[in-house]
Amino acid sequence: MNLSELEKKGFIHRIPVDKGQITDLLKISERDLRLAKEIFSKSFDAALNLAYNSMLQSARALMFSYGFRPDSEFHHKATFDFISAVLDKKYSNFIQSLNRIRSKRALATYEKPDVISEYEAKYAINSAEEFLKFVKEKIKEKI
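Heads up: take any position in the sequence shown, counting from 1, add 443, and you land on the numbering used here.
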């Protein structure tokens, strides 16, 4: 879906760009990434969950820098659909990875404990770190 389709379907809404809000979201992303690394040796589920939230907040920061916010009903999916719409096709593999991590996080959060492997948790942390860096660069270009 492109931006106009997402907006027409009510998945995203226009908002004024607020640099303070974007900065706060990036700080949350940084905090959750740091905590994911700290808790890694204790719980792979928790580490993945925190890494996922870091990516979600990074994605929201990028979204807000474009002057959009996700609809509250479809918050997570709308945020990642927005990212898919604004990033070049060369990032499609990364977007697929984000969606796989989102699915694993839902499984670990809502259905079953101790389902995340060490590899999956480490992969999520590394992905969150790369994505945060990427988003900061993109936002710097925009505002």
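In this text, a Cβ means the ideal position worked out from N, Cα and C, and glycines have one as well.
What are the start and end residues of the beta strand (DSSP E) that includes Phe525? Looking at the DSSP string, Phe525 is not in any beta strand (DSSP E); the run it does join, the alpha helix (DSSP H), is His518 to Val529.
Taking a contact to mean a Cβ-Cβ separation below 8 Å, would you say Ala504 touches Leu468 in this structure? Cβ atoms of Ala504 and Leu468: closer than 8 Å.
By the three-class DSSP mapping on this structure, what secondary structure does Phe483 have? coil
Determine the closest residue to Gln500 out of Arg474, Glu481 and Ser484, with distance taken between C-alpha atoms. Arg474
Comparing C-alpha positions only, which one of Tyr534, Val460 and Lys520 sits nearest to Ala549? It is Lys520.
Look up Ile455 in the DSSP assignment and say whether it is helix, strand or coil. strand
C-beta contact flag for Pro513 and Phe574 at 8 Å: no
Using a threshold of 8 Å, state whether the C-beta atoms of Glu633 and Leu491 are closer than that. For residue 633 there is no data in the structure shown, the boundaries of the chain being 444 and 586.
Going by C-alpha distance, which of Ala502, Ile559, Tyr534 and Glu450 is nearest Ser546? Ile559
Is the beta carbon of Arg457 closer than 8 Å to that of Gly590? The question about residue 590 has no answer, for the chain in this structure spans 444 to 586.
By the 10 Å Cβ neighbour count, where 16 or more other Cβ atoms means buried, how is Asp531 classified, buried or exposed? exposed
Between the CA atoms of Asn496 and Ile568 - distance to the nearest angstrom: Distance between the alpha carbons of Ile568 and Asn496: 10 Å.
What does DSSP give as the partner residues of Phe511 in its beta bridges? Arg457
Supposed close pair Phe507, Val460 - CB separation, criterion 8 Å: Right, the Cβ-Cβ distance comes to about 7 Å (below 8 Å), so this counts as a contact.
In terms of alpha-carbon separation, which member of Asp488, Ser515, Lys585 and Leu541 lies closest to Pro589? Lying outside 444 to 586, the shown extent of the chain, residue 589 is not represented and no answer is given.
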